[in-house]
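To start, the structure under review is shown below, and the notes come after it.
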Amino acid sequence: VATSTTAVPSAGPVAGSRSFLSRLRDGDEIARLITFLFAASVVLITLLLVFELWQGSVLPRHKFGFSFFRTSVWDPIFDQFGALPFIYGTLVTAGVALIIAVPLGIGAAIFLAELAPARVSDTLEFFIDLLAAVPSVIYGLLGVFIVVPLMREYIQPGLKKTLGFLPFFQGPAYGLGFLTAGIVLAIMVIPYIISVSREVLLSVPRDQREAALSLGSTRWESTWKVVVPFARGGIMGSIFLALARALGETMAVTMVIGNTPTISASLFSPGYSIAAVIANEFTEATGAMYTQSLIELGLVLFILTFVLNGFARLLIVATSQRGAGMGHT
Amino acid sequence: MSPRLRWRKFVSGFMLTMTGVCAVVAVAVLFFILGYLVYHGGTSISWNFFTKLPAPVGETGGGMANAIVGSAKLLLLATIIGVPIGFFGAIYLAEFSGGPIAFVVRYAADLLNGVPSIVIGIFAFTLVVQPFKHFSTLAGGFALGLMMIPITLRSTEEFLRAVPRALREGAMALGASKWKTISTVIVPAAYRGILTAILLAFARVAGETAPLLFTALGNRFWSPGWNQPTASLPAMIYTYAIAPYEDWHRQAWAAGLVLLGLILVINIVARAILSRGIAVPRS
Numbered sequence: 001v002a003t004s005t006t007a008v009p010s011a012g013p014v015a016g017s018r019s020f021l022s023r024l025r026d027g028d029e030i031a032r033l034i035t036f037l038f039a040a041s042v043v044l045i046t047l048l049l050v051f052e053l054w055q056g057s058v059l060p061r062h063k064f065g066f067s068f069f070r071t072s073v074w075d076p077i078f079d080q081f082g083a084l085p086f087i088y089g090t091l092v093t094a095g096v097a098l099i100i101a102v103p104l105g106i107g108a109a110i111f112l113a114e115l116a117p118a119r120v121s122d123t124l125e126f127f128i129d130l131l132a133a134v135p136s137v138i139y140g141l142l143g144v145f146i147v148v149p150l151m152r153e154y155i156q157p158g159l160k161k162t163l164g165f166l167p168f169f170q171g172p173a174y175g176l177g178f179l180t181a182g183i184v185l186a187i188m189v190i191p192y193i194i195s196v197s198r199e200v201l202l203s204v205p206r207d208q209r210e211a212a213l214s215l216g217s218t219r220w221e222s223t224w225k226v227v228v229p230f231a232r233g234g235i236m237g238s239i240f241l242a243l244a245r246a247l248g249e250t251m252a253v254t255m256v257i258g259n260t261p262t263i264s265a266s267l268f269s270p271g272y273s274i275a276a277v278i279a280n281e282f283t284e285a286t287g288a289m290y291t292q293s294l295i296e297l298g299l300v301l302f303i304l305t306f307v308l309n310g311f312a313r314l315l316i317v318a319t320s321q322r323g324a325g326m327g328h329t
Numbered sequence: 001m002s003p004r005l006r007w008r009k010f011v012s013g014f015m016l017t018m019t020g021v022c023a024v025v026a027v028a029v030l031f032f033i034l035g036y037l038v039y040h041g042g043t044s045i046s047w048n049f050f051t052k053l054p055a056p057v058g059e060t061g062g063g064m065a066n067a068i069v070g071s072a073k074l075l076l077l078a079t080i081i082g083v084p085i086g087f088f089g090a091i092y093l094a095e096f097s098g099g100p101i102a103f104v105v106r107y108a109a110d111l112l113n114g115v116p117s118i119v120i121g122i123f124a125f126t127l128v129v130q131p132f133k134h135f136s137t138l139a140g141g142f143a144l145g146l147m148m149i150p151i152t153l154r155s156t157e158e159f160l161r162a163v164p165r166a167l168r169e170g171a172m173a174l175g176a177s178k179w180k181t182i183s184t185v186i187v188p189a190a191y192r193g194i195l196t197a198i199l200l201a202f203a204r205v206a207g208e209t210a211p212l213l214f215t216a217l218g219n220r221f222w223s224p225g226w227n228q229p230t231a232s233l234p235a236m237i238y239t240y241a242i243a244p245y246e247d248w249h250r251q252a253w254a255a256g257l258v259l260l261g262l263i264l265v266i267n268i269v270a271r272a273i274l275s276r277g278i279a280v281p282r283s
């Protein structure tokens with residue numbers, strides 16, 4: 001996530017004194033133009049993406065307006081589309097994922113940044129990076145054949161016995177559902193939290209730790225009361241990043257969430273998510289209103305991740321720079 | 001030692017141990033995934049898997065030869081689309097521009113990088129599938145190529161910037177033009193980093209499934225040319241895993257092992273190339 005901010009000197013005094021023609025002959029201007037076209041195409045593609053999503057969802061946006069987000073009837077036959085159950089499922093699974101992944105991820109990041117010797121830390125980080133590279137369909141595969149039976153046979157009955165008085169842990173144990181999807185998502189986003197948080201924690205200036213230790217705090221107190229608060233912004237950033245991933249995650253969720261549009265307080269209940277409904281129904285969608293409603297769901301997903309990613313980047317850069325700035329004093 | 005201090009030391013030791021447990025759990029997941037895939041996939045994989053077409057529904061046996069070739073074609077196309085845009089765009093960012101244009105390009109790339117893969121699929125659908133009126137290898141490759149652009153672009157830029165300034169100045173002092181400097185000094189100096197960036201981008205899209213669902217679609221037979229729906233390994237894993245047939249599950253495991261093996265090997269090779277090179281920033 002290291003973002004370099006050093007400006008490259010544009011042309012230098014040598015190039016400045018040469019005439020435009022001689023630069024043209026050397027190919028500089030042509031090279032600039034060609035590379036510019038490639039760079040500009042990235043902007044163009046991104047703008048086109050936003051345009052297509054906006055233009056492609058014009059029918060349901062005009063017909064349903066805000067009721068698209070408030071109603072839960074999803075009926076392709078009568079062209080009635082309300083996305084509430086999908087939005088609910090997306091938020092609940094992402095919420096469950098964060099509840100599990102945040103403590104685990106931050107704990108592991110603290111270990112890697114504060115305790116482990118550099119070589120151990122780098123080795124573990126290498127494995128964490130590999131974990132982040134595992135494709136989501138593989139998580140889905142393991143989810144279907146390992147997590148789902150495990151949930152059905154052991155975890156859900158166990159939770160029902162111990163915490164069954166809570167509304168979250170009631171109803172039949174299908175195995176598939178919000179909780180299972182949340183757990184699989186948690187496993188998927190932990191590497192992102194660890195990698196980014198570790199970077200941010202490592203950027204905390206050394207004298208912060210030493211000051212706390214010299215005042216008589218224990219190792220944990222210096223970590224928890226000084227280092228972590230210093231890196232708070234960046235850690236929050238890593239959480240937003242993970243949240244954005246969790247919201248947009250498709251394959252693994254589709255394979256274990258149950259694909260039933262339900263709004264239920266029980267986490268055992270099968271549900272549906274925005275990404276999952278797009279994945280399942282897009283190819284079968286007949287009629288403009290149906291297809292466009294799915295595209296509008298894509299637009300919702302795009303806006304959510306856009307806001308979260310922007311916010312996350314801001315926090316991470318601000319925290320890293322704060323660490324770098326203090327390091328010099 | 002006062003009881004208070006003893007308590008504080010206990011808390012310190014306990015919490016620090018817990019962080020260690022968190023780290024071990026996180027890394028253990030990787031080995032668990034690997035172990036499980038090797039165990040299940042290893043027992044299911046056979047020569048047929050690589051050479052045969054999928055068997056008709058209901059029959060056992062068969063393989064995924066068409067999916068392997070399909071994935072290769074999709075990734076070839078993705079590389080052809082994604083790498084040049086990423087690479088030349090990065091040269092523009094690192095060498096020719098420093099102002100607001102660079103900011104806009106970087107911003108767009110970061111935005112594109114954060115777009116959920118399923119939304120990329122929708123985009124490729126509206127742009128390639130709808131006008132041509134059918135699903136195709138072309139549309140799938142286009143979707144994957146889009147995803148390669150921002151990854152290649154941003155890391156290549158980092159590596160170009162990491163080339164020591166003295167090298168640039170040396171070339172300029174010898175009278176080389178800017179383009180000559182870039183093509184004969186800067187890019188060769190950063191080539192390990194650039195290769196790593198491209199490999200990582202490749203590995204990232206190799207396992208993508210969501211953007212292929214309604215672009216390349218899937219196919220139980222060979223897909224001639226570039227204009228037909230095609231099978232791909234990730235999409236096959238998805239279809240086979242949620243199907244109710246025991247034999248398909250077995251093949252899904254085998255495909256999972258092949259796919260994950262490929263991706264992890266590329267990742268490890270990419271990092272090995274980098275660690276043997278010149279000092280460059282981690283990205």
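Sequences listed follow chains A and B, in order.
Everything in the first sequence is counted per the working numbering, starting at 1 for the first residue and increasing by one.
Everything in the second sequence is counted per the working numbering, starting at 1 for the first residue and increasing by one.
For glycine and all other residues, C-beta sits at the position ideal for the given N, C-alpha and C.
Since we're looking at a predicted model, the values are computed, not measured.
Residue i in three-state terms, based on DSSP
i: A:Phe78; result: coil
i: A:Gly323; result: helix
i: A:Val1; result: Note that A:Val1 has pLDDT 40, beneath the 50 cutoff, so the model's placement of it is unreliable and no number is given.
i: A:Pro85; result: helix
i: B:Gly61; result: coil
i: B:Pro56; result: coil
i: B:Met15; result: helix
i: A:Glu221; result: helix
i: B:Gln228; result: coil
i: A:Pro103; result: helix
i: A:Glu52; result: helix
i: A:Thr260; result: coil
i: B:Ser97; result: coil
i: A:Pro270; result: coil
i: B:Tyr39; result: helix
i: B:Tyr240; result: helix
i: A:Met236; result: helix
Distance between beta carbons of residue j and residue i, contact taken as under 8 angstroms
i: A:Ala108; j: A:Tyr192; result: About 12 angstroms; that fails the 8 angstroms criterion.
i: A:Leu176; j: A:Gly95; result: With 8 angstroms as the limit, A:Leu176 and A:Gly95 do not qualify as a contact, their Cβ atoms being about 18 angstroms apart.
i: A:Ser72; j: A:Phe168; result: With 8 angstroms as the limit, A:Ser72 and A:Phe168 do not qualify as a contact, their Cβ atoms being about 20 angstroms apart.
i: A:Thr46; j: B:Ala108; result: 4 angstroms
i: B:Ala201; j: B:Met64; result: Their Cβ separation, rounded to whole angstroms, is 24 angstroms, which puts B:Ala201 and B:Met64 out of contact at 8 angstroms.
i: A:Phe38; j: B:Pro84; result: 7 angstroms
i: B:Ile198; j: A:Thr35; result: So it is not a contact: roughly 17 angstroms between Cβ atoms.
i: A:Ile110; j: A:Val196; result: Actually they are not in contact, since the Cβ atoms of A:Ile110 and A:Val196 sit about 13 angstroms apart, beyond 8 angstroms.
N- and C-terminal bounds of the alpha helix (DSSP H) containing residue i
i: B:Asn267; result: 246-275
i: B:Lys180; result: 178-181
i: B:Gly140; result: 137-161
i: A:Thr162; result: 156-163
i: A:Met188; result: 178-202
Assigned exposure category for residue i - 16 Cβ within 10 Å defines buried
i: A:Tyr290; result: buried
i: B:Tyr191; result: exposed
i: B:Met1; result: exposed
i: B:Ala189; result: buried
i: A:Pro60; result: buried
i: A:Ile303; result: exposed
i: B:Ile80; result: exposed
i: A:Ala118; result: exposed
i: B:Lys133; result: exposed
i: A:Val147; result: buried
i: A:Ile99; result: exposed
i: A:Ala154; result: Going by the sequence as given, residue 154 of chain A is Tyr instead of Ala. The residue is exposed, with fewer than 16 neighbouring Cβ atoms inside 10 Å.
Candidates the options, of which the one nearest residue i by Cα
i: B:Leu167; options: B:Ser46, B:Ile182, B:Thr126, B:Leu153; result: B:Ile182
i: A:Leu179; options: A:Leu150, A:Arg209, A:Asp129, A:Gln80; result: A:Leu150
i: A:Leu91; options: A:Thr319, A:Val300, A:Leu112, A:Ser67; result: A:Val300
i: A:Ile183; options: B:Arg4, B:Lys9, B:Leu16, B:Val29; result: B:Val29
i: A:Ile106; options: A:Leu247, A:Val277, A:Gly216, A:Gly233; result: A:Gly233
i: A:Leu185; options: A:Ile274, A:Ala275, A:Arg245, A:Thr319; result: A:Arg245
i: A:Thr123; options: B:Val24, B:Gly256, B:Trp226; result: B:Val24
i: A:Ala101; options: A:Leu314, A:Gly323, A:Pro270, A:Ala181; result: A:Ala181
i: B:Leu111; options: A:Leu315, A:Gly325, A:Ala318, A:Thr305; result: A:Thr305
i: A:Ile87; options: A:Leu213, A:Leu201, A:Arg70; result: A:Arg70
i: A:Arg322; options: A:Glu125, A:Leu49, A:Ser203; result: A:Ser203
i: B:Leu37; options: A:Val228, A:Pro270, A:Gly298, A:Val134; result: A:Val134
i: B:Gly58; options: B:Phe49, B:Met147, B:Tyr245; result: B:Tyr245
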